[in-house]
Every structure is written in structure tokens, then in C-alpha cells.
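Notes for the one structure printed next.
Protein chains in written order, with my numbering: chain A, 22 to 225; chain B, 22 to 225.
Following this line, the structure appears as C-alpha cells:
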């Protein structure tokens, strides 16, 4: 990897992670993208079905270093679809605000959204499975895996786990107040941002 | 449509909207699914790229009767990919709680998640575009389209709009407290649900 185009703390842009527009909203900084993956309570996972049509499903995830683990069931579409090295796209999106502009066109949202493209791997190694399941439980609350009964072999066997390498990743985000065309500045409409806040109360 | 398999207030299940497991969590009731689409602040939109790989992108949506409109830009992947009758899958998911069980295996989330499969249509009719854009603005706040400047022809031309017919739709949801195996009931671990609440403050 070139140290110019892709230092260790940045993802190398690819054709799929290079936007056609609003390039100023896109970042390849690892730390920023990982903060979003770590904060998002769920992600959406897309793959191509056997019929050639796209499928998207929500699921729960945890990031461990440069790998994103997705939880599934061996009986679900995700588990059924999982085979060595199949193409997936994953997004985790957090909405931070509704942006009210003086014009329809500049209404927008404040958000942080990570998109990942990868070849997914079905995790079969027992040690990797165990530590990923532990990390998934600990995402609910720090140390929770020590405050609950670990999975039995039967329970373990009923859970599917996909590993998504975090290499082709981009973060798109918007923050701040509304954009306004200069000609709209004097229009008698209110503008501003409504904050969107997600709170989790009562973690055990 | 058969009135037995699909009364007017229910979607007819298809192979893609019939789960392999957890069937008790799936509903085809229109009113329930529409409440989730109307409450979710954003949705994720999947399609198959020209390279055959899946793409998933977040976007903003509005439902008008039995159509879901997705907002895009003519310059974005969504606009570029849009062509008459291309296959898409859309999900809108709301997380309501983190479910702490006495066992790793029964840790779960409370959520409501709609998945739609459809052939998307790029909206070109000027009247349909206008009323869908108005509805998108009014989703930010009731009547907002009358409290902001309507789109100019140039702004209108820069916005892409996809229409997704709501016919192949399912709602998956979980609510309530943790499941516990009878053998775990006496384990000395706390269990319960942490509520996840999303609030929007200061709509204009």
C-alpha cells in the first residue's frame, strides 16, 4: 500500500467508495469510521440472493480491530446465504439532526454513515467464534459476558457469525446548520437544526 | 389477489418475505408496517451494482399511500443506478431496547424492522415528483413545505426520486423482556431490558 494514498490510519479509496458528488462529506479516516461503527446500535447488511435480486437485513454487529462481526442464525437468510467469500455491503448510520432550510432544496439531515464493501467470511474457527460472541455480548454493556452464562455447545452451533474485513470503507457525514442560497437569506422563514438524540437507559 | 391469503389490510407473503425461523416475529399487517416506515428517520436501500456486487446506502424516505419515495441525487450512485424497473431491497429499522438475559444466547434486541422487495421506478412525471418532494419536506415537520421556498426548476432537476411499490413487505419485530431457559432462572445474574429512545427536539 502506498503511504501517500493510504497511510495506516486511513482506508484507501476505491471506485466504489469514491462518491460522484458531495465529496467534501466523505472521509476515509479509520478512527472516525470506527467510532461510528462502535456507536451504531445496529447495521444493515446487503447481499445478492440466489435469484440475483438484492437483499438487505438489519443485524447486530461488533468491531474487533479491523474486522466487523455480524450476528446471524444458521437458519436465517444470512446464515443460508453465507458461503466462503461472498460479496456484501454493510452500512451503519446514525442520524444526528433534521436540517431545516429556508428552501425545500437545502433541507437535509445531519448524519454519520459508514459503508463497507467486502467479501464476507463465515467464521468457523472455535476460538475466533468464542471471542467474537463474547465481544458481541460485551457491546450490550461492558463486561456483560462475565455477568451471564456463556453459550453451550448447542447454542454456539445455532449461531452464525460473519466476519467482514474492514478495508474498503468510507464514512459520509454532514454536520452543522442549514445551507442557504444567498438570495434566500431574507426570506421570512425560520431555519435551523432539530437535534436527534438516541439514549439507552438501564444497561445491566 | 386471494382474499384468504391477502386481505386488503395485509401484504401477501412471498418466498422472500417468509422467514426460515422466528416466524412468530413476522407480520404482514399493512398498518403496523406503515407505522414503522413513517416513524423511521431514514432507511437503507440496496441494489446490485453494475459489477454484480451488492450496494447499500442510507437515504431519506416518505410513504405516500402504498408507495415509498426515496430521495437521491441525479449524480449519486442511486441516481446513476436508477433505471426503469430495477430490483431493490429497502429496510427501515427502529431499535427499541437492548435485552439482557441470564445467558449469552438469549441476549437480544427489541426492534421493529420493515423489509421491502420491489422493482424501483425512477419518477419522471412532474406532478408526481412535485407532490413527493412536498411530502418529503413535510416529513421533517408538518406543513414545512409551506414554510420554505419551493424548489426551482434547476433544483428540481438536480434531485432524483425513486418510487418503490409497497406490495412485497414484511415487518419483523421483537418486544418484551428477556427469554430465559428454565434451567437458568436461578442463576445469580440480573436480567431485563434497557430502553432505547430516539428523540427529535426543535422541529421548525
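Using N, Cα and C, we set each Cβ at its ideal position, and we do this for glycine too.
Chain A contact residues for residue i, given Cβ-Cβ distances below 8 Å
| i | result |
| --- | --- |
| residue 14(B) | Residue 14(B) cannot be examined here, being either before or after the span of chain B that is shown, 22 to 225. |
| residue 210(B) | 168, 169, 170 |
Residue interval of the beta strand (DSSP E) (run including residue i)
| i | result |
| --- | --- |
| residue 107(A) | 107-121 |
| residue 216(B) | 213-222 |
| residue 132(A) | 129-143 |
| residue 225(A) | Per DSSP, residue 225(A) belongs to no beta strand (DSSP E) and is neither H nor E. |
| residue 66(B) | 64-69 |
| residue 189(B) | 189-195 |
| residue 180(A) | 180-186 |
| residue 84(A) | 82-85 |
Outcome for residue i when other beta-carbon atoms lying within 10 angstroms are tallied against a minimum of 16
| i | result |
| --- | --- |
| residue 41(A) | exposed |
| residue 209(A) | exposed |
| residue 44(B) | exposed |
| residue 93(A) | buried |
| residue 227(B) | Nothing in the structure corresponds to residue 227(B), since chain B is present only between 22 and 225. |
| residue 29(B) | exposed |
| residue 145(B) | exposed |
| residue 220(B) | exposed |
| residue 172(B) | buried |
| residue 165(A) | buried |
| residue 147(B) | exposed |
Cβ of residue i within 8 Å of any chain A Cβ
| i | result |
| --- | --- |
| residue 165(B) | yes |
| residue 205(B) | yes |
| residue 25(B) | The pLDDT assigned to residue 25(B) is 46, lower than 50, so where the model puts this residue is not dependable; a value taken from the coordinates is nonetheless given after this. Not an interface residue. |
| residue 220(B) | yes |
| residue 192(B) | no |
| residue 89(B) | no |
| residue 187(B) | no |
| residue 153(B) | no |
| residue 149(B) | no |
| residue 196(B) | no |
Residue-level contact to chain B via CB, residue i, 8 Å cutoff
| i | result |
| --- | --- |
| residue 32(A) | no |
| residue 134(A) | yes |
| residue 143(A) | no |
| residue 101(A) | For residue 101(A), the pLDDT reaches just 49, beneath the cut-off of 50, and the residue's location in the model is therefore unreliable, although a value from the coordinates is still provided. Chain B, which has a Cβ nearer than 8 Å to the Cβ of residue 101(A), makes this yes. |
| residue 60(A) | no |
| residue 53(A) | no |
| residue 82(A) | no |
| residue 69(A) | yes |
| residue 216(A) | yes |
| residue 50(A) | no |
| residue 109(A) | yes |
| residue 181(A) | no |
| residue 176(A) | yes |
| residue 22(A) | Confidence at residue 22(A) is low in this model, with a pLDDT of 38, below 50, so the placement of that residue should be treated as unreliable; the coordinate-derived value is given next. Chain B contact via Cβ: absent. |
Start and end residues, alpha helix (DSSP H) containing residue i
| i | result |
| --- | --- |
| residue 228(B) | Given a span of 22 to 225 for chain B in the structure shown, any question on residue 228(B) remains unanswerable. |
| residue 53(A) | 51-60 |
| residue 157(B) | 147-161 |
Chain B residues whose Cβ lies nearer than 8 Å to that of residue i
| i | result |
| --- | --- |
| residue 112(A) | 65, 77, 78, 79 |
Within chain A, partners of residue i - CB distance below 7 Å
| i | result |
| --- | --- |
| residue 122(B) | 169 |
Where residue i meets chain B, residues with beta-carbon distance less than 9 Å
| i | result |
| --- | --- |
| residue 213(A) | 223, 225 |
| residue 184(A) | The premise fails here: residue 184(A) is roughly 17 Å from chain B at the closest Cβ pair, so nothing lies under 9 Å. |
Chain-ordered chain A contacts of residue i [CB-CB under 9 Å]
| i | result |
| --- | --- |
| residue 29(B) | What residue 29(B) touches in chain A: nothing, since even the nearest Cβ is about 26 Å away. |
Per-residue contacts from residue i into chain B (C-beta, under 7 Å)
| i | result |
| --- | --- |
| residue 116(A) | 62, 63 |
Residue i CB to nearest heavy atom of the ligand FAD below 7 Å
| i | result |
| --- | --- |
| residue 49(B) | Of ligands this structure carries none, so the ligand FAD is not represented either. |
Self-check item: Inter-stretch contact at 8 Å, needing at least 3 Cβ pairs: the stretch 199-213 of chain A / the stretch 124-134 of chain A
Solution: Three or more pairs of CB atoms, one per stretch, sit closer than 8 Å, so the stretch 199-213 of chain A contacts the stretch 124-134 of chain A.
Quiz item: Counting pairs of beta carbons, one from the stretch 110-121 of chain A and one from the stretch 130-149 of chain A, are three or more of them closer than 8 Å?
Solution: The stretch 110-121 of chain A is in contact with the stretch 130-149 of chain A.
Self-check item: Contact the stretch 140-147 of chain B vs the stretch 169-186 of chain B: 3+ CB pairs below 8 Å
Solution: Because the criterion of three Cβ pairs below 8 Å is met, the stretch 140-147 of chain B and the stretch 169-186 of chain B touch.
Quiz item: Do the stretch 62-82 of chain B and the stretch 70-78 of chain A make contact, defined as three or more Cβ pairs closer than 8 Å?
Solution: Contact annotation: the stretch 62-82 of chain B touches the stretch 70-78 of chain A, with at least three C-beta pairs closer than 8 Å.
Practice problem: Indicate whether the contact test is met: 3 or more Cβ pairs, each with one atom in the stretch 46-58 of chain A and one in the stretch 205-223 of chain A, closer than 8 Å. | Solution: No: the two stretches stay apart, fewer than three of their Cβ pairs being nearer than 8 Å.
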